[in-house]
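Q: Next up is a structure, given as structure tokens.
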Amino acid sequence: MPQSETVDKILDAAEELFAERGFSETSLRMITSKANVNLAAVNYHFGSKNALIHAVFARFLTPFSATLEKAFDALEARCEGNPPTLNQTLWALTESAVRMPQRNEKGISIFMRLLGLAYTQSQGHLRKFLEQEYSEPFGRFMRLLKEATPQLSAVDRYWRIQFMLGATAFTMSSSDALRDILQNKLGVETTVQEIASRLVPFLAAGMQAEDAMLVPPQSEKVSVA
114 MPQSETVDKI LDAAEELFAE RGFSETSLRM ITSKANVNLA AVNYHFGSKN ALIHAVFARF
174 LTPFSATLEK AFDALEARCE GNPPTLNQTL WALTESAVRM PQRNEKGISI FMRLLGLAYT
234 QSQGHLRKFL EQEYSEPFGR FMRLLKEATP QLSAVDRYWR IQFMLGATAF TMSSSDALRD
294 ILQNKLGVET TVQEIASRLV PFLAAGMQAE DAMLVPPQSE KVSVA
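Note that the sequence shown covers residues 114 to 338 in my numbering.
Rendered as structure tokens:
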């Protein structure tokens with residue numbers, strides 16, 4: 114079996130199992146069994162489970178980062194020195210993701226599940242890897258978000274970005290199920306691109322919503338006779 118084919122089989126199996134079971138719950142033996150390769154092949158090509166996890170993310174993020182940088186270059190050129198709007202920035206990010214060539218029709222939903230797991234499971238090595246390898250394009254994205262929302266405090270912007278990422282991760286990782294529900298309930302077919310077109314204005318509205326943090330009312334004291 115050619116080396117590149119072996120690597121792809123291992124990455125395909127690891128990607129699917131990590132998304133389905135999580136990182137800690139997926140063993141290398143599960144991966145080698147699904148990929149139909151021996152354990153020595155994983156050790157030879159990747160060296161460790163952590164390195165394999167990094168490679169799974171890099172297979173999507175490296176080409177995506179290059180596409181995103183080009184999209185931001187084009188966007189800033191069109192704006193001729195003016196800060197891009199929030200909608201424009203979010204569209205550049207979303208279109209770069211949905212237009213990425215996919216190895217299969219579930220590629221983006223699987224990756225979004227993996228991205229969610231990177232933050233919900235204890236994978237400090239992965240967060241460190243992502244920060245080291247992809248800080249430039251995503252740092253640029255954060256800068257554009259800041260320029261587009263000067264009215265927000267640093268704390269408000271932080272939380273709204275987290276809420277935005279959460280909504281995006283849930284929607285895109287569940288896109289297959291959501292499309293099936295829409296088809297079964299309303300008889301309407303949709304695409305990932307159409308989902309993204311509905312998601313972007315929702316995210317932009319949330320980022321720019323008027324600050325009105327509610328304070329829970331104090332509980333009324335009940336006197337006992």
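By construction, the Cβ of each residue, glycine as well, lies at the ideal position given by its N, Cα and C atoms.
Model, not experiment: these values are computed from the prediction.
Using a Cβ distance threshold of 8 Å, determine whether the segment 241–253 contacts the segment 159–175, with at least three qualifying pairs required.
A: yes
Q: DSSP on residue 225, reduced to helix/strand/coil?
A: In this structure, residue 225 counts as helix in the three-state DSSP scheme.
Q: For residue 200, is the beta carbon positioned less than 7 Å from some heavy atom of the ligand COA?
A: For the ligand COA, the structure offers nothing, since it holds no ligand at all.
Q: Is it buried or exposed for residue 323, if we count other Cβ within 10 angstroms and need 16 for buried?
A: Around the CB of residue 323, fewer than 16 other CB atoms lie within 10 Å, so the residue is classed as exposed.
Q: Measure the alpha-carbon distance for residue 201 versus residue 188 and round it to whole angstroms.
A: Computed Cα separation, rounded: 8 Å.
Q: Round the Cβ separation of residue 309 and residue 226 to the nearest angstrom and send it over; I've been treating them as touching at under 8 Å.
A: Incorrect: roughly 17 Å between the Cβ atoms, too far for contact.
Q: Can you look up residue 150 in the DSSP assignment and give me helix, strand or coil?
A: coil
Q: Cβ atoms of residue 210 and residue 56: under 8 Å apart, would you say?
A: The displayed coordinates of the chain run from 114 to 338. Any statement about residue 56 would go beyond what the structure contains.
Q: Enumerate in chain order the residues of its own chain whose CB-to-CB distance from residue 141 is below 8 Å, with the five nearest sequence positions on each side excluded.
A: 152, 155, 162, 165
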